[in-house]
Amino acid sequence: MADGGEVKLLGFWGSPYALRVIWALKLKQVPYDYLEEDLLSKKSSLLLQYNPVHKKVPILVHRGKPIAESLVILEYIDEMWKQSPLLLQDPSERARARFWSKFTDEKCAPAIKAVSCSQGEEQQKAVLEAQESLKTLESGLEGKLFFGGETINFADVATGWIGCWARIVEEITGTSLIDAENMPSLDAWSKRFLELPIIKQCVPPWDKLIELNSGFVKMYLASSK
Numbered sequence: 001m002a003d004g005g006e007v008k009l010l011g012f013w014g015s016p017y018a019l020r021v022i023w024a025l026k027l028k029q030v031p032y033d034y035l036e037e038d039l040l041s042k043k044s045s046l047l048l049q050y051n052p053v054h055k056k057v058p059i060l061v062h063r064g065k066p067i068a069e070s071l072v073i074l075e076y077i078d079e080m081w082k083q084s085p086l087l088l089q090d091p092s093e094r095a096r097a098r099f100w101s102k103f104t105d106e107k108c109a110p111a112i113k114a115v116s117c118s119q120g121e122e123q124q125k126a127v128l129e130a131q132e133s134l135k136t137l138e139s140g141l142e143g144k145l146f147f148g149g150e151t152i153n154f155a156d157v158a159t160g161w162i163g164c165w166a167r168i169v170e171e172i173t174g175t176s177l178i179d180a181e182n183m184p185s186l187d188a189w190s191k192r193f194l195e196l197p198i199i200k201q202c203v204p205p206w207d208k209l210i211e212l213n214s215g216f217v218k219m220y221l222a223s224s225k
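Residue numbering for the sequence shown follows UniProt numbering, starting at 1 and increasing by one per position.
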């Protein structure tokens with residue numbers, strides 16, 4: 001194991017992007033200090049100092065040097081701590097993992113958010129677009145248990161939060177995004193991944209996530225009127 005030095009993580013308990021970093025650190029058994037940011041009121045001077053460009057979490061601080069953007073952080077963690085590698089040695093598999101991770105952030109996440117931030121016909125259209133993106137994500141599994149095959153890899157850690165947050169949006173909006181009939185592989189994968197003990201123990205309580213995200217949706221819809 002490489003000498004990790006001092007590791008800090010600035011995060012927010014309800015952030016799926018901070019959660020994926022926590023998963024990576026836990027899977028590699030990297031000790032770290034967690035600093036909770038209160039993003040609902042005022043961002044700390046430490047956050048603004050370490051991430052002056054985007055001013056958001058997560059931020060990994062290693063040996064006094066900050067790394068921002070969750071996918072960049074995941075790659076840094078995998079390169080710095082070699083145990084339990086998330087990216088496989090095969091270049092094509094590494095590229096594939098990066099592709100689906102980026103696809104989730106650029107296509108699936110905005111599509112799911114659009115469902116929660118819309119109403120009526122606009123929401124119905126957003127649901128169809130989200131389902132289309134999620135169906136495409138499902139094709140990346142290619143019938144395997146995980147994106148990594150028999151075990152989880154970089155893409156699973158990067159995309160695993162989708163199963164949880166999609167169901168949060170489903171409950172808040174009364175819509176259906178992922179189901180066993182239309183997306184059996186994605187539905188089974190998300191449940192399988194989120195039930196892994198080391199993954200499950202890091203996920204915040206369901207009722208707190210529902211309350212938090214319901215509040216975000218109400219604020220957004222009120223501001224858009």
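Even glycine gets a Cβ: it sits at the ideal position worked out from N, Cα and C. Note that this is a predicted model, so its numbers are computed, not measured.
Residue i, DSSP secondary structure in three states
i: aspartate 3; result: Unreliable positioning characterises aspartate 3 in this predicted model, as indicated by a pLDDT of 47, which lies under 50. The coordinate reading is nonetheless provided below. Residue state, collapsed to three classes: coil.
i: arginine 20; result: helix
i: leucine 10; result: strand
i: aspartate 156; result: helix
i: leucine 177; result: coil
i: glutamate 147; result: The sequence given here has phenylalanine at residue 147, not glutamate. It is coil, neither helix nor strand.
i: aspartate 90; result: coil
i: glutamate 50; result: Correcting the residue type first, residue 50 is tyrosine in the shown sequence and not glutamate. In the structure shown, tyrosine 50 sits in a helix (DSSP, three-state: H, G or I).
i: leucine 141; result: coil
i: leucine 134; result: helix
i: tyrosine 76; result: helix
i: valine 30; result: coil
i: glutamate 129; result: helix
i: glutamate 37; result: coil
i: valine 115; result: helix
i: proline 110; result: helix
i: serine 44; result: coil
i: tryptophan 161; result: helix
Where the beta strand (DSSP E) through residue i begins and ends
i: lysine 65; result: 65-68
i: aspartate 187; result: Per DSSP, aspartate 187 belongs to no beta strand (DSSP E); it is in the alpha helix (DSSP H), 184-194.
i: aspartate 207; result: Counting along the chain, aspartate 207 falls outside any beta strand (DSSP E), though it belongs to the alpha helix (DSSP H) covering 206-223.
Integer Cβ distance of residue i from residue j, believed to fall under 8 angstroms
i: leucine 86; j: alanine 24; result: 7 angstroms
i: threonine 104; j: alanine 158; result: 7 angstroms
i: isoleucine 172; j: valine 217; result: 6 angstroms
i: aspartate 156; j: phenylalanine 193; result: 6 angstroms
i: tryptophan 165; j: proline 16; result: 6 angstroms
Identity of the residues DSSP links to residue i by a beta bridge
i: isoleucine 168; result: Note: isoleucine 168 sits in no beta bridge, so no partner.
i: isoleucine 59; result: Leu10, Ala68
Contact test: residue i Cβ vs the ligand SAH heavy atom, cutoff 7 angstroms
i: leucine 196; result: The model depicted lacks the ligand SAH and carries no ligand whatsoever.
Extent of the continuous alpha helix (DSSP H) run through residue i
i: proline 197; result: 197-200
Residue-chain proximity (residue i, chain B), Cβ-Cβ < 8 angstroms
i: glutamate 69; result: Looking for chain B here will not work: only one protein chain is present.
Cβ contact check for the region 200-211 and the region 146-158: 3 or more pairs under 8 angstroms: In this structure the region 200-211 does not touch the region 146-158; the number of beta carbon pairs closer than 8 angstroms is below three.
Is there contact between the region 47-56 and the region 114-123, where contact requires at least three CB pairs shorter than 8 angstroms? The region 47-56 makes no contact with the region 114-123, as fewer than three CB pairs between them are under 8 angstroms.
For the structure I just gave you, are there three or more beta carbon pairs, one from the region 93-109 and one from the region 34-46, closer than 8 angstroms? The answer is no - the region 34-46 does not touch the region 93-109, with fewer than three Cβ pairs under 8 angstroms.
Using 8 angstroms as the threshold, is the region 172-190 in touch with the region 74-81, meaning 3 or more CB pairs across them? Short answer: they don't touch.
So does the region 5-14 actually touch the region 28-35, counting three or more Cβ pairs closer than 8 angstroms? At 8 angstroms Cβ cutoff, the stretches touch.
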